[in-house]
Amino acid sequence: MSALTANWQTLAVLPGTRPGVVRVRMNRPQVFNAFDEAMIAELDAVFGLLANDDNARVIVLEGAGKAFSAGADLQWMQRASQADFEWNLADARRFAGMLWKIHHGPKPTIARVQGVALGGGVGLACACDFAIASSRAQFAVSEAKFGILPSVIGPYLTNAVGKRQAMRLALTTSRIGAAEAHNIGLVQQVTNDDGSPDGAAAALDAAVDALVAELLVGGPNAQREIKALYAQMAVGPVSTDVLELTAQTIARVRGTDEAKEGFAAFLAKRPAAWVPQEPGAAA
C-alpha cells in the first residue's frame with residue numbers, strides 16, 4: 008500500500024512541489040486538527056509507510072485550515088478520564104509510539120506551523136527534525152489547564168528548548184508567539200509576510216520549499232545515517248564509546264555506493280545521482 012493512494016480518514020497525503028517530497032496534512036480543520044485515537048493510528052501508519060518508501064525523501068507535516076494542531080481532542084481526553092488505568096496505558100503507549108515513529112524515522116521531517124500549535128500539537132512540531140512557523144503562529148503547552156500534564160511530548164519538548172524552558176511552558180501554560188518560539192528553539196525559522204492570510208501562507212510555503220531544496224541535495228543514505236547516529240549521542244562529555252561509535256560509523260559509510268557516487272559527482276562538477284531533476288532541466 009502506498010501512503011499517497013491509501014484511503015485516509017483523518018489525513019490527506021499529497022505529493023510536494025518537488026519530486027521526493029510528501030506532505031502529510033492533518034485534515035480535521037473543523038476541530039483545528041485536534042487528534043484522537045483515529046488520527047494517532049493514521050499518523051503512525053503513514054510515517055511507517057513513508058519510512059520504507061524509497062520515493063519519499065522529505066516529509067512535511069502540516070495542518071488543514073487555520074491551525075497546525077490544537078493538540079488532543081477534548082472528547083478523546085474526556086473518554087480517557089472515564090476509562091481505567093489499563094485502557095489509558097495502552098492508549099498513551101500508542102500516542103508515544105506515534106511520536107517516536109515521527110522523530111526516529113529515517114527521512115528528514117519538517118513541521119509547517121500556521122495558526123496555533125497547542126499541547127500535543129507542540130509535541131508534533133518538536134518531534135519533527137525542523138519546524139518552520141508563520142509569524143502568526145502561536146504555541147502553548149496547555150495540558151495543566153485540564154488537570155493533566157505534557158508527559159508523552161515531554162522528551163521532545165525538552166530536547167527542543169531545554170529543561171528550564173520546557174518546565175516554564177508546561178507549568179504556566181502560557182501562550183507564546185512565533186518570535187519567542189524561535190528565540191527558545193521551539194522552531195528554527197519564522198517567516199516574514201505581508202500580514203495577510205494569503206501572504207502568510209505563501210511565505211510559509213516558500214520557506215518550507217527552500218529547506219526542502221537544501222535537504223534534497225544530501226544523500227538519502229547519509230541522512231538516514233545522520234539521524235541514526237545523532238539519536239545515540241547526548242550533549243555532554245565525549246566518552247570512549249562515542250569515539251568508537253563515530254569512527255565505526257564513518258568507516259562503514261565511506262565505503263558505500265552512495266559515498267562513491269557523491270565524491271565522483273563532486274569531482275566531475277555534476278549533481279549527484281540522488282538529486283532530483285527539476286522539471287524542464289537539461290538531462
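Add 7 to the 1-based position in the sequence shown for this note's numbering, that's all there is to it. For glycine and all other residues, C-beta sits at the position ideal for the given N, C-alpha and C. From a predicted model like this one, the values you see are computed outputs, not experimental measurements.
Any non-hydrogen atom of the ligand ATP within 8 Å of residue i CB
i: serine 203; result: With respect to the ligand ATP, the structure shown offers nothing to examine, as it has no ligands at all.
Alpha-carbon spacing of residue i relative to residue j, whole angstroms
i: alanine 288; j: alanine 220; result: With a pLDDT of only 49 at alanine 288, under 50, the local geometry of the prediction cannot be trusted, and the value read off the model is given with reservation. One C-alpha to the other measures close to 15 Å.
i: valine 28; j: arginine 35; result: 22 Å
i: aspartate 291; j: phenylalanine 102; result: Since the displayed the chain opens at 8 and closes at 290, residue 291 lies outside it and no answer follows.
i: alanine 79; j: valine 53; result: 19 Å
i: glutamate 165; j: serine 246; result: In the sequence on display, residue 165 carries threonine and not glutamate. The straight-line gap from Cα to Cα measures roughly 23 Å.
i: glutamine 85; j: alanine 13; result: 30 Å
i: threonine 291; j: glutamate 93; result: It is not possible to answer for residue 291, since the shown part of the chain is limited to 8 through 290.
i: isoleucine 233; j: alanine 275; result: 25 Å
i: tyrosine 237; j: serine 88; result: 37 Å
i: arginine 277; j: proline 204; result: 40 Å
i: aspartate 43; j: leucine 222; result: 31 Å
i: methionine 46; j: methionine 33; result: 8 Å
i: alanine 63; j: alanine 48; result: 20 Å
i: phenylalanine 338; j: alanine 207; result: The displayed coordinates of the chain run from 8 to 290. Any statement about residue 338 would go beyond what the structure contains.
i: glycine 226; j: alanine 272; result: 12 Å
i: glycine 184; j: aspartate 60; result: 36 Å
i: proline 283; j: threonine 180; result: 43 Å
i: proline 244; j: glutamate 251; result: 14 Å
i: alanine 147; j: threonine 263; result: 44 Å
i: valine 159; j: asparagine 190; result: 24 Å
i: valine 242; j: lysine 170; result: 13 Å
i: threonine 253; j: lysine 114; result: 20 Å
i: phenylalanine 75; j: valine 65; result: 19 Å
Cβ separation of residue i and residue j, assumed to be a contact under 8 Å, to the nearest whole Å
i: glutamate 265; j: alanine 229; result: 7 Å
i: glycine 130; j: leucine 106; result: 6 Å
i: alanine 151; j: leucine 178; result: 7 Å
i: alanine 297; j: leucine 68; result: Residue numbering for the chain in the displayed model covers 8 to 290; residue 297 lies beyond these limits and cannot be assessed.
i: alanine 132; j: valine 31; result: Between valine 31 and alanine 132 the Cβ distance is about 13 Å, and since that is not below 8 Å, they are no contact.
i: alanine 279; j: glutamate 268; result: 6 Å
Residue i, DSSP secondary structure in three states
i: alanine 19; result: strand
i: serine 76; result: strand
i: glutamine 145; result: strand
i: glutamine 121; result: coil
i: methionine 33; result: strand
i: glycine 269; result: helix
i: arginine 259; result: helix
i: alanine 214; result: helix
i: glutamine 196; result: strand
i: glycine 169; result: coil
i: arginine 100; result: helix
Neighbour-count burial assignment, residue i, 16 or more Cβ in a 10 Å radius
i: histidine 111; result: exposed
i: aspartate 136; result: buried
i: tyrosine 163; result: buried
i: asparagine 40; result: buried
i: serine 149; result: buried
i: alanine 290; result: For alanine 290, the predicted model reports a pLDDT of 41, less than 50, meaning its position is unreliable and no value from the coordinates is stated.
i: leucine 211; result: buried
i: glycine 127; result: buried
9 Å Cβ cutoff, residue i in contact with chain B
i: leucine 57; result: The displayed structure is made up of one protein chain only, and chain B is not part of it.
TODO: For the segment 140-159 and the segment 115-124, state whether three or more C-beta atom pairs, one from each stretch, are separated by less than 8 Å.
DONE: yes
Task: Cβ contact check for the segment 199-208 and the segment 169-186: 3 or more pairs under 8 Å - done: no
- [ ] May I ask you to verify whether the segment 72-86 touches the segment 14-28, counting CB pairs closer than 8 Å and requiring at least 3?
- [x] no
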